[in-house]
Structure formats: C-alpha cells, structure tokens
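Just so we're aligned, residue 176 is where the sequence shown starts under the numbering used here, counting upward by one.
Glycine included, C-beta positions come from ideal geometry on N, C-alpha and C.
Some notes on the structure that comes next.
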Amino acid sequence: PQRWHQLLAAEREVVLEPAGANDPSIAYAVVWKHKPNLLSGLPNLRAIFSVGAGVDHIFADPGLPDVPIVRVVADNLTQYMTEYVVWRVLDHHRHGMLYRAQQPKKTWHEPPQRPAGDISVGIMGLGHLGRAAASVLLSLGFAVNGWSRT
C-alpha cells in the first residue's frame, strides 16, 4: 500500500483505509483483495480500480457497490504471461529441475522423454490470459484442459 500511496499521492489526496463506514471523501477505490464490504459504505464511490489483471477478488465482495470496475490491461501482459506459462510447462515436461540439480554434480542421467501429446495441462481460468496460454500449448501438441467460471 505504501508504494501505491507514494505514486498516487503526488497529484491527489489518498486515503489508505476509509475513515469510517460512510466516508464521503472517497470517489475512487484502488484495491487488491480488499476486506469484504469495505466499499459498500462509500456513498460517493464512482469507480473501483483493480491493481492486478484479475477482478475476481472484487466480484467476491458481498457488498460490491454498483459502480464501474476498471482492470489493468498492459500492452505486453498477455505475451509475457503466455511466455511464462509455456516456459514453466516446458521446463517441467523436459525435466528442467532434474537437470539443474545434476549440473553442479556434473552428472547427466537423462530420464525418458514423453511426447507433448501424452501430457495433460490444466489451465484454471480461461479468460484472455488463460486462452492465450492454452492456444500456444495446444500448438505445441499438449493436451490442454481448461476451467472457467463463465
């Protein structure tokens, strides 16, 4: 919270937590996994900003006010996340941890390699990021299973 406070406070008044249950001074909330019902008593709230790409934590709030919700969309976020997911899957699939453990010992015991099609990869969340990662993994031949709330 302190880093956000420093970044935002240069041009506006910033409140880290509402002063009371009905704090009228707050028009915009910048949140990540906030306390349930924290926003419900803010009579002048105009919008909620999520500091992460996801907004599930906001929709989980039982006292969610009826205001616009804004999420982070970075130009390269999908590409970076897809690369990270593919790297982790390939590292696991090709026994990267085993080879890194063998390297300082200068021993090389190659385990049997399985084709990508024999490996099932689960993606929990098929939003924009999950679909992008699933698409690349499918193109590499992995069996991809996905889950989505919607």
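Check                                                                                                           : Outcome
Beta-carbon gap between S215 and L239 smaller than 9 Å                                                          : yes
Residue burial classification, V206 (beta-carbon count within 10 angstroms, cutoff 16)                          : buried
Whole-angstrom distance between K210 and P237, CA atom to CA atom                                               : 10 Å
Start-end ranges of the beta strand (DSSP E) lying completely within the segment 244 to 301, minimum 3 residues : 295 to 299
Coil, strand or helix - G229 by DSSP                                                                            : coil
Residue burial classification, G227 (beta-carbon count within 10 angstroms, cutoff 16)                          : exposed
Start and end residues, alpha helix (DSSP H) containing G305                                                    : 303 to 314
Nearest-angstrom Cβ-Cβ length linking G300 and A318, presumed shorter than 8 Å                                  : With 8 Å as the limit, G300 and A318 do not qualify as a contact, their Cβ atoms being about 18 Å apart.
Presumed contact (8 Å Cβ cut-off) between P290 and H270, rounded CB distance                                    : That pair is no contact at about 14 Å.
Neighbourhood of N212 by C-beta, 8 Å cutoff - its chain only, sequence neighbours within 5 removed              : D236, P237, G238
Best match in D266, Q288, W283 for proximity to L312 [C-alpha to C-alpha]                                       : D266
Same chain, Cβ closer than 6 Å to A307, five either side skipped, listed in chain order                         : T253, T257
Buried or exposed (CB count within 10 angstroms, at least 16 for buried), G305                                  : buried
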